[in-house]
Every structure is written in C-alpha cells, then in structure tokens.
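Taking our numbering, the leading residue of the sequence shown gets 1280, the next gets one more, and so forth.
Where is the CB? At the ideal position from N, CA and C, for every residue including glycine.
Since we're looking at a predicted model, the values are computed, not measured.
Worksheet for the structure shown next.
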Amino acid sequence: MTHTGSCHCGNIKFEVEGDPTTALACNCSICSRKGTLLWFVPSAQFNLLTPRENITTYMFNKHIIKHQFCGVCGVQPFGEAIDPKGNPTVAVNIRCLEDIDPLAVPVHHYDGKSK
Ligand SMILES: [Zn+2]
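Here is the structure:
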C-alpha cells in the first residue's frame, strides 16, 4: 500500500509504496543521535510531494548518503543514496510515516559504528 510521510511542520511531504517488514536501527554517529528507524526502498517507490528546495541536505564522511532534513523543524524524514549495485535508494525514517506504528515493525540492529 501507499504510506504518507512528512517532517513535523509539513514542509517536506512524501508518499512511499510498499510495507516495511523490518526497520534498521544503526549505531553510527548520526543514526544514534537522531534515533532514525530506516526502511530501504528503491527510489521508484518514493514520491516527493513538496518542492525539492524545501529540503536541506547534510553529508559527512564519504559523502555517499544525503541526509535529507527540514530546515524549519529539523526532522529528518529520509535519506538518499546509491546502493552498492548502483540503484538509487531511499532510506525512509518510519517514525515519520503517518499510519505506521514504528514500535510494531521488527527492528534489525546494524553495527554501523564499526564499519
Ligand atoms: Zn519541517
């Protein structure tokens, strides 16, 4: 099904196709600070409903992942990257989806700190 998500103030809104069967909790320097629960989908399943200019991008380390957040309310609803096979991928923060209970999605703990 299609899920709708947003930042807190609504400056960034999006739709994503599919249902998260698992979410990734990573212990790297940024994920641990933000507490994101990530669901990885191909970019084709993701549809941004608000202008791209509303997004602020943060990049660090190898500059592989675009950590997209709202410059108004500070929430990060998703990140964007190219996966190792060359496919554009979106990491949706399931905490920002309206009709998903993030506590009901099984969490896979990922040791990003050691990578
Ligand atoms: Zn916002």
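- Judged by DSSP secondary structure, C1352 falls outside any alpha helix (DSSP H); it is assigned neither H nor E.
- Listed in chain order, the non-local C-beta contacts of F1357 below 8 Å within the same chain comprise G1284, F1293, F1325, Q1347, V1369, A1370, V1371, N1372, C1375, local neighbours out to five positions each way being set aside.
- Rounded to whole angstroms, the gap between the alpha carbons of L1316 and C1310 is 8 Å.
- Beyond the five residues adjoining it in sequence on each side, D1298 comes within less than 7 Å, by CB distance, of M1280 in the same chain, given in chain order.
- Non-local C-beta neighbours of H1287 in its own chain, meaning closer than 6 Å and more than five positions away in sequence, comprise C1352, V1354, ordered along the chain.
- As a beta-bridge residue in DSSP terms, C1305 pairs with Y1389.
- In the three-state scheme derived from DSSP, where H, G and I count as helix and E and B as strand, P1363 is classed as coil.
- Annotated as proximal: N1306 and K1392, with beta-carbon spacing under 8 Å.
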